[in-house]
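These protein sequences, in sequence, are chains A and B.
Heads up: the first sequence begins at 46 in my numbering, then just goes up one per residue.
Heads up: the second sequence begins at 2 in my numbering, then just goes up one per residue.
Glycine residues also receive a C-beta, built at the ideal position from the N, C-alpha and C atoms.
No experiment lies behind these values; they were computed from the predicted model shown.
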Amino acid sequence: MAVSAAEGIDIRPLNLAAMVREASITALVVFALAIGLVGFETLDVPGGVAIRTRFADVAVVMALAFVGRIALILLREHRPRPVLIVAPILTAIMLVLLLSETIFGSESGAALKRFMPFHDPVVLWGVVAVTVILAVRAAYAQTHVSSSLTLEERDARMDRIGAGVQRAARLLGPLLLGAAIVLPFMPFADRRVLDIGVLVLMYVMLGWGLNIVVGLAGLLDLGYVAFYAVGAYSFALLATQFDVSFWVALPFAGLMAGTAGVLLGFPVLRLRGDYLAIVTLGFGEMIRVILLNWYSFTGGPDGVSGIPRPSFFGLAEFSRSVPDGTAFHEMFGLEYASIHRIIFLFYLILAMALVVNVFTMRIRKLPIGRAWEALREDETACRSLGINPRNTKLTAFGIGAMFAGFAGSFFATRQGFISPESFTFIESAVILAIVVLGGFGSQIGVVIAAVVLIGLPEFFRDLQQYRMLAFGMAMVLIMLWRPAGLLAHREPTLRLFGRDKKPETNS
Amino acid sequence: MSAADSFAAPVAEVPGGGQTLLTVEHLTMRFGGLVAIDDVSFLGADGRITAIIGPNGAGKTTLFNCLTGFYKPTVGRLTLHHPEGEFLLERLEGYRTAQKASVARTFQNIRLFPRMTVLENLIVAQHNKLMRASGFTAAGLFGLKVYRDAEAKAVDLARYWLDHTKLTEKADVEAGNLPYGDQRRLEIARAMCTEPVLLCLDEPAAGLNPRESHDLNDLLRYIRNEHKIGILLIEHDMSVVMEISDHIIVLDYGRKISDGTPKAVRNDPAVIRAYLGQEEHEELPPEIMAGADNAGRSPDDA
Ligand SMILES: Nc1ncnc2c1ncn2[C@@H]1O[C@H](COP(=O)(O)OP(=O)(O)OP(=O)(O)O)[C@@H](O)[C@H]1O
Ligand SMILES: [Mg+2]
């Protein structure tokens, strides 16, 4: 929506003093943050810990913040040209520094490296990313004299993107599914790739499960991991104490988690919004603390170990030799390979996640699903229509919890060992982040978000330590930019006139 | 107040005619020290429009909230003479009033499901019926024919009310994106989709332009004449009230000050006093002004 330059935009004369003041304040804020975080580094030295100061780095950070702020002001004041010139130059310098060893050979490269403001490549890449973004924005501003969009316009535009993605999802979904099905047979699918695949699918399943509670029913549940834990422990204890097999324990664990969901839901569902979030957060922690302290039952911090691996539908085991039974590779006349089990786990979690997905898609179009959404929209109106709000919310809570329980069982059998450490609040936050980032109620959004938030950090292990930082940043951006989630777009559950059709003009 | 005894009888004489559908006896609602409704009794009839009028803060919405289970009355008995038996509304809490006793309502500040489509709003209104048809979700999950038929029927009913509220064209639009007047009508359509025996409308004409207001009158008359249900109507616009209601109840400071046919209420000195005393002259309709002259001269106004 490019508006002609003349109208609507006032190009004020630049106030240099104000610019410098604003940028200085930014630099000062950065100083306050950086002096502690960057300025001092603790080192392990023989006999204790030493502190090394890195004040030069702090100065560089401040300078960058100053320059960056100036660039932002220039963009804001519709003067993109200087930014357009300086930002690419900075990018180039950073890139040269980063890749110096590859470009100039190791010797002179290493010499150059001494000029690098930071020795941490991640920070350098971060700076590169920022300069690139600034350059792109400047280029955009230069070509389109853009009117800044109002929140609604941006929202409408994002909704159209969301709608587009969802329309594409009808094609993309089967395609992704096909890709997932053939993945284990790809030449590059080694153990690591499959493990990451399993992990991503677990979070996809959890995301889809939580999406029922948060996306459809609008109940902000910050303690979702509690039900995951209940499922995992139910499964683990059943399997280790009572020798119940995976295929029997799985539904039972789901049931236990679902029951826990209903029981915990009962007292808290009168609360709304923030209050519900806080109380569910508390409940989530309570469950973890109980698991941690009920030593005789759960093993406390020692956890439960020796959880049996799943069998091939109770027919065969995934081991090299099975004393009393069949081994999977013998059953199919294959060479024994430890990856068989991982492939099986991969398909298992794929199937479980798909069940959640199909269930959600279907139930959304049933009265209960519509009632969930209606409750999210207006509980008072629901009551005036004779909808029982408590039971309706409890079903959402219970079903969401049940799916978490299934996922928990899978987690237990995959790990072979569980302890309360796996069920901290961070897990709830990650799952919620997947739902929020993907977009409330958007099934494909959850997949994309899970890949981005779980898969990518796994692949790039170096970045792992920055994961939480990136999470936080992504969340803040989403909340500022599009609170409903990136790909949130609601498709009606039924239409009077088919999709994209104009109503016929009769009656 | 002579009718007080007759409430005991099942078939009482309702001003404006019709079979008694609703009996309100000695309804009192207190909020702490504030008496929002003070010992109000009246009858509402089947197949009739009963208007409830009164100045701002008279307790009209509170009366609706008591009737529809949103508030529990401090004192009083609210009996609904439903074809399937009598319901004591004061004992039904919350959603059960709509679910069991088939009392539907609209809200003074429109309460739709804004991000659901118009059609979905009307389908949600048929929730309980569809829940049963879907075997509490089991039959629905497997897409059984029973459920699919029930859903098709629900869509038919929705379509019927869409046609009668002139919203058919907008069936697939998000309710929140409708213009104000359409939202008001949609709320009525949604209430009607619950197939109520008593429909409570809280200021349905508020904010409508004269044309829309006229259409609304037609719609309400249609509902009364064709569906023979009782309608309770809170309305400030006296032209609407006088034109379409069969029976008017006037509240002031929580007390009932008049009860009768439009003609009787128009000439009731108590009503005139309440409205004149209020000094809100824009609220004073010409009908009542006209009546005031006559009433001033009537002998029983000593
Ligand atoms: N939940 C409540 N708590 C306390 N006081 C209330 C409550 N609901 C209503 N009231 C009070 O009861 C009185 C009657 O309010 P009500 O909303 O019924 O008036 P109304 O006749 O509908 O007025 P209006 O024409 O403005 O809609 C008011 O004084 C109001 O402040
Ligand atoms: Mg009111």
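- Contacts between leucine 179 (chain A) and chain B, judged by CB atoms closer than 7 Å, are missing: the closest CB pair is about 36 Å apart.
- When Cβ-Cβ separations below 7 Å define contact, isoleucine 444 (chain A) makes no contact with chain B.
- Glycine 208 (chain B) is classed as exposed because its beta carbon has fewer than 16 other beta carbons within 10 Å across all chains shown.
- For isoleucine 226 (chain A), the three-state secondary structure derived from DSSP is helix.
- About 3 Å separates the beta carbon of glycine 450 (chain A) from that of glycine 276 (chain A), a gap short enough to meet the 8 Å contact definition.
- The beta-carbon of asparagine 129 (chain B) is placed less than 7 Å from the nearest beta-carbon of chain A.
- A Cβ-Cβ separation of about 5 Å places isoleucine 352 (chain A) in contact with alanine 457 (chain A) under the 8 Å criterion.
- Counting along the chain, no beta strand (DSSP E) covers alanine 305 (chain A); the unbroken alpha helix (DSSP H) around it starts and ends at 291-313.
- Assigned with DSSP and collapsed to three states, phenylalanine 88 (chain B) falls in strand.
- Under the three-state reduction of DSSP, aspartate 39 (chain B) is assigned to strand.
- Within chain A, no residue has its CB atom less than 9 Å from the CB of glutamine 109 (chain B), the nearest being about 12 Å off.
- Rounded to whole angstroms, the gap between the alpha carbons of lysine 130 (chain B) and phenylalanine 88 (chain B) is 20 Å.
- Leucine 131 (chain B) carries a helical assignment under DSSP once its states are collapsed to helix, strand and coil.
- With the rule of 3 Cβ pairs closer than 8 Å, the stretch 268-278 of chain B does not count as touching the stretch 80-99 of chain B.
- The three-state secondary structure of phenylalanine 462 (chain A), taken from DSSP, is strand.
- Contact note: leucine 316 (chain A) does not reach chain B at a C-beta cutoff of 7 Å; the least C-beta distance is about 16 Å.
- Assignment of leucine 234 (chain B) by DSSP, reduced to helix, strand and coil, places it in the strand class.
- For methionine 406 (chain A), the enclosing alpha helix (DSSP H) covers residues 384-409.
- Closest option to leucine 64 (chain B), judged by alpha-carbon separation, among B:Asp203, B:Asp269 and B:Ser240: B:Asp203.
- Between alanine 426 (chain A) and chain B, the shortest Cβ-Cβ separation is below 7 Å.
- Membership of isoleucine 189 (chain B) in the alpha helix (DSSP H) is indicated by the continuous run 181-194.
- With a threshold of 6 Å, the Cβ atom of threonine 62 (chain B) counts as near ligand 2, since some heavy atom of the ligand is closer than that.
- Around aspartate 173 (chain B), the beta-carbon contacts reaching into chain A at under 7 Å are Pro537, Arg540, Leu541 and Phe542.
- In this chain, the beta strand (DSSP E) harbouring isoleucine 50 (chain B) covers 50-54.
- Out of A:Ser383, A:Pro346 and A:Phe100, the CA that lies nearest to the CA of valine 83 (chain A) is found in A:Phe100.
- The count of Cβ pairs closer than 8 Å, one atom from the stretch 211-227 of chain B and one from the stretch 19-34 of chain B, stays below three, leaving the stretches out of contact.
- The C-alpha of alanine 190 (chain B) is placed about 33 Å away from the C-alpha of valine 313 (chain A).
- Isoleucine 226 (chain A) sits exposed, since fewer than 16 C-beta atoms from the chains shown fall within 10 Å of its C-beta.
- Three or more Cβ pairs closer than 8 Å define a contact, and the stretch 470-480 of chain A meets that threshold against the stretch 257-267 of chain A.
- Residue-level contact check: glycine 530 (chain A) does not touch chain B, since none of the beta carbons of chain B fall below 7 Å from its beta carbon.
- In this structure, methionine 107 (chain A) sits away from phenylalanine 85 (chain A), with a CB-CB distance that is not shorter than 7 Å.
- About 5 Å separates the Cβ atoms of alanine 126 (chain B) and leucine 430 (chain A), confirming a contact at the 8 Å cut-off.
- Interface annotation, leucine 501 (chain A): not in contact with chain B, CB-CB separation never under 7 Å.
- Within the model, the alpha-carbon separation for glycine 177 (chain B) versus phenylalanine 114 (chain B) is close to 7 Å.
- Under DSSP, the beta-bridge partners assigned to serine 259 (chain B) are B:Val251.
- Listed in chain order, the positions of the stretch 81-101 of chain B with a beta carbon within less than 9 Å of a beta carbon of chain A are Gly95, Tyr96, Arg97, Thr98, Ala99, Gln100 and Lys101.
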